[in-house]
Amino acid sequence: MRQNAIALLAGVLFAVGLGVSGMTLPSRVLGFLDVAGDWDPSLAFVMAGAVSVHAVAYRVLHWQQRAARSGAAGKPRFPLLAGRVDLPTRAAVDARLLAGAALFGVGWGLAGYCPGPALTSLATGSPEVVVFVAAMIAGMALEHVASARARSTASARASASAIAHDG
C-alpha cells in the first residue's frame with residue numbers, strides 16, 4: 290500500500306511538473322521544436338533540469354552498485370521501495386533504436402505530444418488528446434506483437450540451424 294501511495298504521489302508530482310512547465314501545451318512544444326522559425330527556448334530549461342536530476346541520480350546509483358560489488362557497502366540504500374533498479378542492458382545503437390527514435394520524434398513534432406504529457410492531458414477531456422492516446426496505445430500494442438513475432442521467428446531459425454548442424 291505504501292509503495293502504491295508513493296508511486297501515485299510521484300506520478301501526480303510528475304504530471305503537475307509537466308503542466309507547470311508547459312509540456313502539455315502542443316503549441317509550446319511545437320514552438321520549441323521550430324528552431325528555424327519562431328523558436329521558443331523555454332522548454333530547454335525544463336529539459337536541462339530533468340537531465341540534471343537524472344544525471345545525479347544515475348551517478349549515485351552507479352557509485353552504490355560499484356561499492357556493493359566490491360563489498361565496501363552494506364545493504365543498498367536505493368531503491369527504497371523495490372528490490373532492485375532496472376536499468377537498460379542494451380547499449381548498441383542499432384536500426385531498431387534509430388527507427389523508434391525517429392517515430393517518436395515525428396509523432397512529437399506532428400502532434401506536439403509525447404507519452405507523459407499526453408496522458409496528463411487526458412484530464413482535459415480534449416478529443417484530440419483522446420485520439421492521440423488511443424493511437425499511441427495501438428502503436429505500443431502493434432510494436433509488442435511485432436517484437437514477439439520477430440523473437441519467435443529468430444528462435445525458430447536458431448533451432449532449425451542447430452538441428453541442421455547436428456544432423
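Quick note on numbering: the sequence shown equals residues 290 to 456 in this note's numbering.
Ideal placement from N, C-alpha and C gives every residue a C-beta, glycine not left out.
Note that the structure is a prediction, hence the values are computed from the model and not measured.
Where Gly316 sits in the DSSP three-state scheme: By one-based count along the sequence shown, residue 316 stands at place 27. Here the sequence assigns Ser to residue 316, which means Gly is not the residue at that position. If DSSP states are grouped into helix, strand and coil, Ser316 belongs with the helices.
Could you compute how far the alpha carbon of Met290 sits from the alpha carbon of Leu369? Walking along the sequence shown from the start, residue 290 turns up at place 1. Walking along the sequence shown from the start, residue 369 turns up at place 80. As the crow flies, the alpha-carbon of Met290 is around 14 angstroms from that of Leu369.
Is the separation between the beta-carbon of Val374 and that of Leu350 shorter than 9 angstroms? Your numbering for residue 374 matches position 85 in the sequence shown. Your numbering for residue 350 matches position 61 in the sequence shown. Going by beta carbons, Val374 and Leu350 fall inside the 9 angstroms limit.
With Val382 as the anchor, note down where its alpha helix (DSSP H) starts and where it stops. By one-based count along the sequence shown, residue 382 stands at place 93. Note, Val382: premise wrong, no alpha helix (DSSP H); not H, not E.
Can Val419 and Leu411 be called in contact, C-beta distance under 9 angstroms? Counted from its first residue, the sequence shown places residue 419 at position 130. Counted from its first residue, the sequence shown places residue 411 at position 122. Yes.
Span separating the alpha-carbon of Gly306 from that of Ala339: Working through the sequence shown from its first residue, we reach residue 306 at position 17. Working through the sequence shown from its first residue, we reach residue 339 at position 50. If I take the Cα positions, the gap works out to 10 angstroms.
Can you list, in chain order, the residues of its chain with a C-beta nearer than 6 angstroms to that of Val301? Leave out the 5 residues immediately preceding and following it. As a position in the sequence shown, residue 301 is number 12, starting the count at 1. Around Val301, the same chain offers no residue with a beta carbon nearer than 6 angstroms, after the five sequence neighbours per side are excluded.
Excluding five sequence neighbours on each side, which residues of the same chain lie with their C-beta closer than 6 angstroms to the C-beta of Met312? The residue you call residue 312 lines up with position 23 of the sequence shown. Within the same chain, Met312 has close Cβ partners Pro406.
Using the C-alpha atoms, what's the distance from Arg317 back to Trp328? Position 39 of the sequence shown holds residue 328. Position 28 of the sequence shown holds residue 317. Taking the Cα positions, Trp328 is about 10 angstroms away from Arg317.
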